[in-house]
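Following my numbering, the numbering of the sequence shown begins with 920 at its first residue and continues without gaps.
Working notes for the structure below.
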Amino acid sequence: MDFIKADHAFWVDGDRQEAEEKGSAFVNAFRRLGVEFDDIVLKEPCGGCRRTGYRLLLGSIPPEEAADIAWRLNHALDLLDTYRRQASGTGQVPD
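Listed below in structure tokens is the structure:
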């Protein structure tokens, strides 16, 4: 008899592992902006409906938190636009 290792490879199928990796990248990208999703959940595929793939549920976000997230995203994009204008030397954002 072969014993299983203490990693999650035995318990997790390839699709779930891929969903976990993509979900982690999503969470980490928002963390770079100082945004946390407290209620984020990786939802399993639905066996009795049309939804066949994994889903990330972001949970419930109060309007104040949504406004803060929007500000953080817009601020980061404004900085990126400024950088692009400076890098292009034209003063306009390249397409």
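Virtual Cβ for every residue (Gly too), placed ideally from N, Cα, C.
First and last residue of the uninterrupted alpha helix (DSSP H) at residue i
i	result
R991	P982 to S1007
R935	G933 to R951
With 16 other Cβ atoms within 10 Å as the buried cut-off, status of residue i
i	result
A989	exposed
Pair within 8 Å by beta-carbon distance, residue i and residue j
i	j	result
L961	L952	no
Y973	D932	no
R1004	V954	no
For residue i, the first and last residue of its enclosing beta strand (DSSP E)
i	result
V960	V960 to K962
R969	R969 -> no beta strand (DSSP E), and no H or E assigned at all.
L976	R974 to L976
Practice problem: May I ask you to verify whether the segment 930 to 941 touches the segment 979 to 988, counting CB pairs closer than 8 Å and requiring at least 3? | Solution: Pairwise C-beta distances place the segment 930 to 941 out of contact with the segment 979 to 988, as fewer than three of them are shorter than 8 Å.
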